[in-house]
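Quick note on numbering: the sequence shown equals residues 2 to 132 in my numbering. Ideal Cβ placement from N, Cα and C applies to all residues, glycine included. One structure is given here, and the rest of the page talks about it.
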Amino acid sequence: MPHILIVEDEPSTSWALAEGLSDDGFTIDTFATAEEAWRWLQRGRSDLVISDLRLPGMSGLDLARKLARGRHAQPVIIVTAYGCPETQRELQRAGVFECFSKPFRIDQLRDSVRRALAEVPTRAKPRRRAA
């Protein structure tokens, strides 16, 4: 059962994301700050992180950068009310899988989650050198 972390400081949005994805059989934990999620990830493992871009303290982009450098590389999907185009280059450099501008349709997010999770085994496999 895939495990998803949702990092969102707006309680109603956090709840809506969790509800919208829980029907798909995912195990979901929610956090109001990226720092809380990062502390949890030091002890646990998730398959995917969905994070708001602008959060109090550490941003969703900063969290994505830390995850990309860390031992727990997993896909990150960013959701934001401030639009993705202006930060798209930074998000790509941080390895963000996809960015959604609020409001978005939950079925589009579900599709993105499925695609990101389908890539997880590929990302985790070590690359072999050609002989």
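From Val-8 to Val-80, what distance separates their C-alpha atoms?
10 Å
In angstroms, rounded to a whole number, what distance separates the CA positions of Asp-30 and Ser-13?
15 Å
The beta strand (DSSP E) spanning Ser-102 covers which residue range?
99-102
Classify Asp-108 as helix, strand or coil using the three-state DSSP reduction.
helix
Contact between the stretch 37-45 and the stretch 108-116: three or more CB pairs below 8 Å?
no
Continuous beta strand (DSSP E) stretch holding Asp-63: start and end
Here Asp-63 belongs to no beta strand (DSSP E); instead the alpha helix (DSSP H) covers 61-70.
Would Phe-105 and Ala-117 be called neighbours here (beta carbons separated by less than 8 Å)?
no
My output table needs one value for Thr-88: the three-state DSSP class, helix, strand or coil.
helix
Just confirm the distance between the C-beta atoms of Gly-58 and Ser-52, as a whole number of angstroms; I'd bet it's less than 8 Å.
The pair is not a contact, with the Cβ atoms about 12 Å apart (cut-off 8 Å).
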